[in-house]
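If you want the numbering used here, it's the 1-based position in the sequence shown plus 20. Yeah, the Cβ is synthetic: ideal placement off N, Cα and C, and Gly gets one too. Working notes, beginning with the structure itself.
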Amino acid sequence: MTTTANPSQVLDDSTTLIPKKLVRARSLFDPEIVGRALKASFGKLNPVTLLKNPVIFVVEVGAALTSLFLLRDAFAGGRALGFQLQVALWLWFTVLFANFAEAMAEARGKAQADTLRKTKTDSIAKRIGSGARIETVAASQLRVGDLVICETGDTIPGDGEIIQGIATVDESVITGESAPVIREAGGDRSAVTGGTKVLSDRIKIKITSNPGETFLDRMIALVEGAERQKTPNEIALNILIAGLTIIFLLAVVTLVPFADYSVKSAGAGSIPSVAVLVSLLVCLIPTTIGGLLSAIGIAGMDRVMQHNVLAMSGKAVEASGDVDTLLLDKTGTITLGNRQATEFIPATGVTEEELADAAQLSSLADETPEGRSIVILAKQKYNLRGRDVSQQEARFIPFSAYTRMSGVDLDGRMLRKGATDAIVKFVQEQGGKVSQDLTEASERIARVGGTPLAVADGSKVLGIVHLKDIVKGGMKERLAQLRAMGIRSVMITGDNPLTAAAIAQEAGVDDFLAQATPKDKMDYIKREQAQARLVAMTGDGTNDAPALAQADVGVAMNTGTMAAKEAGNMVDLDSNPTKLLEIVAIGKQLLITRGALTTFSITNDVSKYFAIIPAMFVTTYPALNQLNIMHLHSPQSAVLAAVIFNALIIVALVPLALRGVTYRPQSAAAMLRRNLWIYGLGGFIAPFPCIWMIDRLLGFLHLA
21 MTTTANPSQV
31 LDDSTTLIPK
41 KLVRARSLFD
51 PEIVGRALKA
61 SFGKLNPVTL
71 LKNPVIFVVE
81 VGAALTSLFL
91 LRDAFAGGRA
101 LGFQLQVALW
111 LWFTVLFANF
121 AEAMAEARGK
131 AQADTLRKTK
141 TDSIAKRIGS
151 GARIETVAAS
161 QLRVGDLVIC
171 ETGDTIPGDG
181 EIIQGIATVD
191 ESVITGESAP
201 VIREAGGDRS
211 AVTGGTKVLS
221 DRIKIKITSN
231 PGETFLDRMI
241 ALVEGAERQK
251 TPNEIALNIL
261 IAGLTIIFLL
271 AVVTLVPFAD
281 YSVKSAGAGS
291 IPSVAVLVSL
301 LVCLIPTTIG
311 GLLSAIGIAG
321 MDRVMQHNVL
331 AMSGKAVEAS
341 GDVDTLLLDK
351 TGTITLGNRQ
361 ATEFIPATGV
371 TEEELADAAQ
381 LSSLADETPE
391 GRSIVILAKQ
401 KYNLRGRDVS
411 QQEARFIPFS
421 AYTRMSGVDL
431 DGRMLRKGAT
441 DAIVKFVQEQ
451 GGKVSQDLTE
461 ASERIARVGG
471 TPLAVADGSK
481 VLGIVHLKDI
491 VKGGMKERLA
501 QLRAMGIRSV
511 MITGDNPLTA
521 AAIAQEAGVD
531 DFLAQATPKD
541 KMDYIKREQA
551 QARLVAMTGD
561 GTNDAPALAQ
571 ADVGVAMNTG
581 TMAAKEAGNM
591 VDLDSNPTKL
601 LEIVAIGKQL
611 LITRGALTTF
621 SITNDVSKYF
631 AIIPAMFVTT
641 YPALNQLNIM
651 HLHSPQSAVL
661 AAVIFNALII
671 VALVPLALRG
681 VTYRPQSAAA
691 MLRRNLWIYG
701 LGGFIAPFPC
711 IWMIDRLLGF
721 LHLA
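Here's what the structure looks like:
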């Protein structure tokens, strides 16, 4: 089972939440990834490509204009060519560094996709042809609806549903887990994935996808980032920074006539050159967040994949950070999943040992975790060991959804165990009577969150076995953290309301939905969404598909049915229902990272005004020298230092954009205060010492 993070654990790139997987998190500056990114950075200089990023497109246009005027002045024998050359180079570097940030994020995805692509092989399929004749064909020739046979050692040729048989399957090619899983026809574990391998037995599969459309193909495309679309928040932020860019562009353009008028009226000073005006524009517009915005979104999907979750879109990752309500299955998510027998409660006139003996006998053929726990409890408490009843003409009664009980007929005894009402009905049919204490004991167990399992011997009720769901350790604390972030947790269970209420209280969930049907789940989600809330849930069965499709974030288990995986917008390759909590944390981290770097970028730009504005007009208006609080060396060094800082800060922030800002569960108000203090104040302060040092270095090297 996948390791669950400690509640207090900080979620960042160094946090290990799952075992080592096929799709690994590479080191941030892996030489192969850096090499790809550098090459892609130059390819992204294409203006058509940069049009998708208006801020960096404006920087490229400015760099091109500066370069053209530099060439003109060079041929005309103009002055300050060294200054113009440096400005032009650093503007081009700014564009390349912004491209590098996005290319790094994409290269990480492409490296993961290459690893997955190596697992793809055009295997041989045993297709059932006309007249039930088996023909051998390449997997690439299979089409939707084809029937194939897979036996021990065969590679499953394509995605499909088992329609006959049962087999153990090695899915390590998809999940990275070496432990095989059981796949069988007719249930929620009938879906199989192309490229996985049959380890035992024989199954008949109906192909459900054409070549190039398999689950592995979609994984490769999504990991590679080919289908990544901008999320609504990202689009809104792009519009904002594009608007700011237009405003500052107009402001800079109007400076030319203003400067011309000032020079003529004052009789001193000079009109700023194209290099200076472009430098001013680049330093005023939000180039930092403009250069990192796309990388933040791509890296968010990459972090989800590192946790072995396949997100169908960036929108799903972002939505997970905005969810208001989490629907969590009780079994396997909130509780350990296997109910355990904890005590025997005998009826009046029956000893506890007699009850334990009958319960154990009726459970000898019961291979469920509950049945095995009864046998073990009887052995531990009364040293009652499993007996060989094969020679006693025992007739075991398997559990049935209709009778809701199981048992054994042995030596004239009719031993049965099952739901209380089913056992009561059975006893009454045998002519027996049921005392009131049985009902009271059953209700008492249900009120404390347990499951009562009644035991009878023919017409006589022997007592109750208390089965208890064990709430996972740390679950209450984790749900409390979600509550602090304004996220409601809702437990979904098929248990009766009394049992559900007790477990909900023990686990610390905010609400529960008892005796839930597929329609109940979907209706609950619709009610939440009608109140403008975003809902996330997990599921693995066909009956979960409607709710997964309705939810804003639907996480399907990889072990589930194909219907569930098609309905959800994420697939957990580990099939660990608690992963939903980690997905929410990753989504929060993505939003926090974007907000933090946007805050840093805007306050960063404000500081750069103090470096460039006084330097531009100090010769015309000497009084502006009072604003030169850093006492920069000269107007040219001030402009150049600001441009250099503007380019280098993008490179400095690339690791933070890719790793993500460290996430700690806290309220939105606390997050805002933290971001304002760290990234707002930090963004405002950082340019002053950095620009001052660059200015001094330029003066020392006589570059300005």
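Bounding residues of the beta strand (DSSP E) (the contiguous stretch that carries residue i)
i	result
Ser-509	508-512
Glu-233	Element bounds for Glu-233: n/a, residue is neither H nor E.
Asp-592	590-592
Thr-11	The question about residue 11 has no answer, for the chain in this structure spans 21 to 724.
Leu-219	217-220
Arg-684	Element bounds for Arg-684: n/a, residue is neither H nor E.
Val-68	Val-68 -> not in any beta strand (DSSP E); alpha helix (DSSP H) instead, spanning 67-70.
Arg-163	From DSSP, Arg-163 is part of no beta strand (DSSP E); its letter is neither H nor E.
Arg-147	144-148
Ala-158	154-158
Ala-688	Segment 688-695 is the alpha helix (DSSP H) holding Ala-688; no beta strand (DSSP E) there.
Glu-204	201-204
Glu-363	360-366
Nearest to residue i (by Cα), restricted to the options the options
i	options	result
Val-604	Lys-585, Asp-540 and Arg-508	Arg-508
Lys-516	Gly-700, Ala-584 and Pro-472	The question names Lys, but residue 516 is Asn in the sequence shown. With distances taken between Cα atoms, Asn-516 lies closest to Pro-472.
Val-79	Thr-308, Gln-551 and Ala-677	Thr-308
Thr-440	Gly-483, Ile-670 and Phe-532	Gly-483
Met-557	Tyr-281, Thr-228 and Ala-565	Ala-565
Pro-67	Arg-56, Leu-116, Pro-51 and Leu-58	Leu-116
Ala-500	Thr-265, Ala-474, Val-475 and Val-529	Val-529
Leu-435	Leu-404, Ser-383 and Glu-413	Ser-383
Leu-502	Glu-233, Thr-345 and Ile-154	Thr-345
Gly-232	Pro-177, Thr-274 and Ser-192	Pro-177
Phe-739	Pro-709, Thr-562, Val-681 and Leu-554	What is shown of the chain runs 21 to 724, which leaves residue 739 out entirely.
Leu-347	Ala-552, Gln-326, Gly-559 and Phe-120	Gly-559
Leu-734	Cys-303, Ile-670 and Ala-378	Past the boundaries of the shown model lies residue 734; the chain is included only from 21 to 724, so the question cannot be answered.
Asn-253	Phe-235, Ala-567 and Glu-338	Glu-338
Leu-668	Val-454, Trp-110, Ala-587 and Met-691	Trp-110
Ser-479	Val-454, Lys-335 and Met-691	Val-454
Val-638	Ser-290, Lys-401, Gly-703 and Asn-596	Ser-290
Thr-682	Arg-547, Asn-695 and Leu-647	Asn-695
Ala-60	Lys-130, Val-212 and Gly-719	Lys-130
Ile-417	Tyr-402, Leu-404 and Arg-433	Arg-433
CB-CB length for residue i against residue j, believed under 8 Å
i	j	result
Ala-398	Val-428	Not confirmed; about 14 Å, so no contact.
Ala-315	Val-324	That pair is no contact at about 15 Å.
Val-573	Ser-333	Their Cβ separation, rounded to whole angstroms, is 11 Å, which puts Val-573 and Ser-333 out of contact at 8 Å.
Ile-76	Gly-320	No, Ile-76 and Gly-320 are not in contact; Cβ-Cβ is about 20 Å, not under 8 Å.
Leu-167	Arg-147	7 Å
Pro-366	Leu-356	The Cβ separation is near 27 Å, so there is no contact.
Glu-171	Val-218	6 Å
Ser-220	Thr-188	5 Å
Ser-657	Asp-715	5 Å
Gly-165	Lys-224	About 13 Å separates the two Cβ atoms, so there is no contact after all.
Phe-532	Ala-520	5 Å
Leu-660	Phe-103	7 Å
Leu-90	Leu-101	7 Å
Leu-112	Ala-158	Note that residue 112 is Trp in the sequence shown here, rather than Leu. Rounded, the Cβ-Cβ distance is 49 Å, inconsistent with contact.
Met-511	Lys-350	5 Å
Pro-685	Met-425	In fact, because the Cβ distance is near 45 Å, the residues do not count as touching under 8 Å.
Start and end residues, alpha helix (DSSP H) containing residue i
i	result
Gln-525	517-527
Lys-59	51-63
Arg-92	74-96
Glu-372	372-381
Ile-714	707-720
Ala-662	655-679
Any C-beta of chain C under 8 Å from that of residue i
i	result
Asn-695	You won't find chain C in this structure, because it holds only one protein chain.
Heavy atom of the ligand FAD within 7 Å of residue i beta-carbon
i	result
Leu-330	With respect to the ligand FAD, the structure offers nothing, as it holds no ligand at all.
Discussion item. Quick check: the segment 367-376 against the segment 487-499, are at least 3 beta-carbon pairs closer than 8 Å?
Written reply: no
Fill in: beta strand (DSSP E) runs wholly inside the segment 520-588, at least 3 long, in chain order
531-533, 555-559 and 573-577
Worksheet item: For the segment 281-355, which segments carrying the alpha helix (DSSP H) assignment without a break, of at least 4 residues, lie completely within its bounds, in sequence order?
Response: 294-304, 307-326 and 334-341
Fill in: Contiguous alpha helix (DSSP H) assignments of at least 4 residues, all confined to the segment 392-461
440-449
Worksheet item: Is the segment 91-106 in contact with the segment 270-286, if contact means three or more CB pairs nearer than 8 Å?
Response: no
Worksheet item: Where are the beta strand (DSSP E) runs, 3 residues long or more, that stay fully inside the segment 474-502, in chain order?
Response: 480-488
Discussion item. With three or more C-beta pairs closer than 8 Å as the rule, is the segment 672-684 touching the segment 112-127?
Written reply: yes
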